[in-house]
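Sequences listed follow chains A and B, in order. Per this note's numbering, the very first residue in the first sequence carries number 2; after that it's consecutive. Per this note's numbering, the very first residue in the second sequence carries number 3; after that it's consecutive. Only one structure is covered here, and it is reproduced in the block below.
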Amino acid sequence: MVLDKADAENAVYWGKQAVSLVLGIVWGIIPLEGGPAMIAYLLLVHAAVFGYVKSKGIGEECFENGYSDILKEGLMPALATFLVAWIFTYNLRV
Amino acid sequence: LVYRLPEYQSLKGSVERMRDKLEAMKESEAAGEGSKGKKKKGGRLEATIKENETLMQQFILKSSLVQMFCLLMTFQGVSRAFAGAPVARLPFEPLPLMRAWTHRGLEGEDWRECSAVFVYSLAAVAVPAMLRKLLGRESDPMQNIMGLKQQ
Chain A
2 MVLDKADAEN AVYWGKQAVS LVLGIVWGII PLEGGPAMIA YLLLVHAAVF
52 GYVKSKGIGE ECFENGYSDI LKEGLMPALA TFLVAWIFTY NLRV
Chain B
3 LVYRLPEYQS LKGSVERMRD KLEAMKESEA AGEGSKGKKK KGGRLEATIK
53 ENETLMQQFI LKSSLVQMFC LLMTFQGVSR AFAGAPVARL PFEPLPLMRA
103 WTHRGLEGED WRECSAVFVY SLAAVAVPAM LRKLLGRESD PMQNIMGLKQ
153 Q
């Protein structure tokens with residue numbers, strides 16, 4: 002599948018947001034705590050988005066700098082969404 | 003107030019048209035159809051695009067300054083309203099570098115207590131970025147002015 006740059010970036014951005022929100026809620030409900038939980042989130046979110054991109058057949062040429070753009074695109078907003086969801090659900094339990 | 007002004011709209015329209023022309027010129031150059039005259043024209047077009055973008059940024063600067071002022075006032079208000087009171091408990095121990103931010107205005111050494119300022123900052127990063135994407139604005143105008151990201 003060949004998408005233009007903007008569509009590929011949007012797919013990665015919204016994918017990261019959705020996964021971050023879900024993981025934040027799940028991490029808060031279990032609850033998972035500490036640095037390992039954060040590292041697990043970072044690994045899972047990128048694995049999920051990368052897996053999605055591969056499964057849809059979105060080629061490396063759709064990104065400006067290849068697949069490394071998947072790491073950078075929307076990382077800070079996704080991390081913020083994850084932290085807000087995680088802290089909120091964690092405090093609902095506590 | 004800013005983005006719907008006719009001057010801004012006409013600048014934006016002319017920049018988009020010139021960019022399309024420049025793209026077409028570059029494509030024909032790459033296909034080997036370019037001449038010296040076309041290259042000169044392309045150079046002039048790029049200079050005009052840059053001039054128009056600088057004029058657009060003057061409009062964007064006004065709205066960005068108002069945004070920054072509103073954010074600062076809200077930040078101050080939140081800081082004062084919740085001063086001294088932890089609003090949440092963090093599910094992790096923050097790094098020493100982050101403690102000034104997560105524990106701002108709080109007493110004691112229970113670093114997992116979270117101040118309102120931290121939660122507000124996180125929401126301020128997550129929500130505007132999402133809204134900008136939803137409303138079709140590609141990037142933060144302030145970042146464009148600071149040259150951090152191309153629009």
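Every residue gets a Cβ at the ideal spot worked out from N, C-alpha and C, and that includes glycine. None of these values were measured; they are calculated from a predicted model.
Residue i (DSSP reduced to helix, strand or coil)
i	result
Ala33 (chain B)	coil
Glu109 (chain B)	coil
Glu95 (chain B)	coil
Arg6 (chain B)	coil
Gly138 (chain B)	coil
Met100 (chain B)	coil
Tyr1 (chain A)	Lying before the first or after the last residue shown, residue 1 (chain A) is absent from chain A, which here runs from 2 to 95.
Leu96 (chain A)	Nothing can be reported for residue 96 (chain A): it is not among the residues displayed for chain A, which extend from 2 to 95.
Lys151 (chain B)	Residue placement at Lys151 (chain B) is poorly supported in this model, since its pLDDT is 40, which falls under 50; the coordinates are not used for a value here.
Run of the alpha helix (DSSP H) containing residue i, from where it starts to where it stops
i	result
Lys55 (chain A)	Gly36 to Ser56
Ala85 (chain B)	Where Ala85 (chain B) is concerned, there is no enclosing alpha helix (DSSP H), given that its DSSP letter is neither H nor E.
Asn92 (chain A)	Leu76 to Arg94
Glu61 (chain A)	From DSSP, Glu61 (chain A) is part of no alpha helix (DSSP H); its letter is neither H nor E.
Ile26 (chain A)	Lys6 to Ile30
Residue i versus residue j: straight-line alpha-carbon distance, rounded
i	j	result
Gly52 (chain A)	Ile40 (chain A)	18 angstroms
Phe120 (chain B)	Arg106 (chain B)	8 angstroms
Ser12 (chain B)	Arg19 (chain B)	10 angstroms
Ile147 (chain B)	Arg94 (chain A)	Model confidence at Ile147 (chain B) stands at a pLDDT of 43, short of 50, so the residue's coordinates are unreliable; what they give is reported in the following sentence. Near 43 angstroms, if we compare the C-alpha coordinates of Arg94 (chain A) and Ile147 (chain B).
Met70 (chain B)	Lys64 (chain B)	10 angstroms
Leu150 (chain B)	Phe77 (chain B)	Only weak support exists for where Leu150 (chain B) lies, its pLDDT of 40 falling under 50; the value from the coordinates is given anyway. Distance between the alpha carbons of Leu150 (chain B) and Phe77 (chain B) is about 24 angstroms.
Arg6 (chain B)	Gln59 (chain B)	14 angstroms
Met132 (chain B)	Glu109 (chain B)	34 angstroms
Ala118 (chain B)	Gly86 (chain B)	10 angstroms
Inter-residue CB distance, residue i and residue j (contact presumed, cutoff 8 angstroms)
i	j	result
Trp28 (chain A)	Tyr42 (chain A)	7 angstroms
Cys116 (chain B)	Leu92 (chain B)	5 angstroms
Val20 (chain A)	Ala38 (chain A)	Not quite, the Cβ-Cβ distance comes to about 15 angstroms (not below 8 angstroms), so this is no contact.
Val127 (chain B)	Met77 (chain A)	6 angstroms
Leu124 (chain B)	Val85 (chain A)	5 angstroms
Lys6 (chain A)	Phe83 (chain A)	No, Lys6 (chain A) and Phe83 (chain A) are not in contact; Cβ-Cβ is about 25 angstroms, not under 8 angstroms.
Gly36 (chain A)	Thr90 (chain A)	The Cβ separation is near 19 angstroms, so there is no contact.
Residue(s) in a DSSP beta bridge with residue i
i	result
Glu115 (chain B)	B:Arg91
Proximity test, residue i beta-carbon vs the ligand MG heavy atom, cut-off 7 angstroms
i	result
Leu57 (chain B)	Among the components modelled here there is no ligand, and therefore nothing to report on the ligand MG.
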